[in-house]
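If you're matching positions, the sequence shown starts at 91 in the working numbering and goes up one per residue. Working notes for the structure below.
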Amino acid sequence: MAETTWSGTLVATSYNMSQLPEGRLPEIAFAGRSNVGKSSLINALLGRRIAKVSREPGKTRSINFYEVRAKRPFHLVDLPGFGFAKRGKAERSQWSHLIEGYITTRPFLVLVVHLVDFRHGMLENDRQLERWLAASDVPVLIAFTKADKIPVTKRSSYYRKHLENIPPTAGAPIYVSTEKRIGIQELQKALDEFLAGLDEDL
Ligand SMILES: Nc1nc2c(ncn2[C@@H]2O[C@H](COP(=O)(O)OP(=O)(O)OP(=O)(O)O)[C@@H](O)[C@H]2O)c(=O)[nH]1
Ligand SMILES: [Mg+2]
91 MAETTWSGTL
101 VATSYNMSQL
111 PEGRLPEIAF
121 AGRSNVGKSS
131 LINALLGRRI
141 AKVSREPGKT
151 RSINFYEVRA
161 KRPFHLVDLP
171 GFGFAKRGKA
181 ERSQWSHLIE
191 GYITTRPFLV
201 LVVHLVDFRH
211 GMLENDRQLE
221 RWLAASDVPV
231 LIAFTKADKI
241 PVTKRSSYYR
251 KHLENIPPTA
261 GAPIYVSTEK
271 RIGIQELQKA
281 LDEFLAGLDE
291 DL
């Protein structure tokens, strides 16, 4: 499937805050709207179909922890997507509590990769996520997904336009496509470098 140097295994699945594992490794979480391509991107980075992907939004309902053997080992965390209109209000609010709870309480959360659809840029619930992240001081990297859906000739103007509407981030946003394998190695490299720059004792 991929020319990636990482490999990973699923080590924990949590449906609520009390099920979150005790983390001893730095954590990088993938967050974003339902269907934006979080699980697909995790599969592309890990070089195998380990996370479940679906055409229907709302596939990932739990927080899934993958232990990744990279230059510096870490936990890659697949969060349930937000903004899925078909779910009931109660379920949606339970999900936002879970995601907000996760972001605000994890001691080893070092970075959130916020996935944003390259076609649409940030929508209202993406801004809500950015507010939680800013309030809890978690560094953010933005990855625009499904870049293949925009013609090659228009990609740089889309990219420039999106940059005007995003808050400060830990590194330059990257655009990716798992379908066409664009930006996957670049993202892996950015994450390896981010991890290498962390304190040793984390
Ligand atoms: N064209 C295109 N489709 C993609 C890409 N990445 C993912 N998809 C498709 O988008 C759909 C949703 O992908 P998922 O990876 O399940 O999305 P998710 O963000 O994990 O969704 P939830 O688990 O519901 O939050 C699937 O049909 C994927 O095949 C991409 O780069 N290009
Ligand atoms: Mg998913």
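Every residue, glycine too, gets a C-beta built ideally from N, C-alpha and C.
Which word fits SER129, buried or exposed, when buried means at least 16 other C-beta atoms lie within 10 angstroms of its C-beta?
Your numbering for residue 129 matches position 39 in the sequence shown. The residue in question, SER129, is buried, as its Cβ has 16 or more Cβ neighbours within 10 Å.
Flag this pair as yes or no: are the beta carbons of PRO267 and LYS236 separated by less than 9 Å?
Here residue 267 refers to the residue found at position 177 of the sequence shown. Here residue 236 refers to the residue found at position 146 of the sequence shown. Correcting the residue type first, residue 267 is Ser in the shown sequence and not Pro. In this structure, LYS236 lies closer than 9 Å to SER267 by Cβ.
Would you identify the three-state DSSP class for TYR265, choosing helix, strand or coil?
Walking along the sequence shown from the start, residue 265 turns up at place 175. Three-state result, TYR265: strand.
Using a threshold of 8 Å, is the CB atom of ASN298 nearer than that to any non-hydrogen atom of ligand 1?
Because residue 298 is not part of the residues shown, which for the chain are 91 to 292, the question remains open.
Taking 8 Å as the cut-off, does the CB of ASP227 come closer than this to any heavy atom belonging to ligand 3?
Absent from the structure shown: ligand 3. Ligands present: ligand 1 and ligand 2.
Is the beta carbon of PRO170 sitting closer than 9 Å to the one on ILE189?
Numbered from its first residue, the sequence shown carries residue 170 at position 80. Numbered from its first residue, the sequence shown carries residue 189 at position 99. In contact: PRO170 and ILE189 (Cβ atoms closer than 9 Å).
Is the separation between the beta-carbon of LEU201 and that of ALA119 shorter than 9 Å?
For the purposes of this step, residue 201 is taken as the residue at position 111 of the sequence shown. For the purposes of this step, residue 119 is taken as the residue at position 29 of the sequence shown. Closer than 9 Å, so yes.
Let me check understanding here. Comparing Cα to Cα, which of ALA225, SER97 and PRO258 lies closest to VAL158?
Residue numbering aside, residue 158 sits at position 68 when the sequence shown is read from its first letter. VAL158 has its Cα closest to that of SER97, out of ALA225, SER97 and PRO258.
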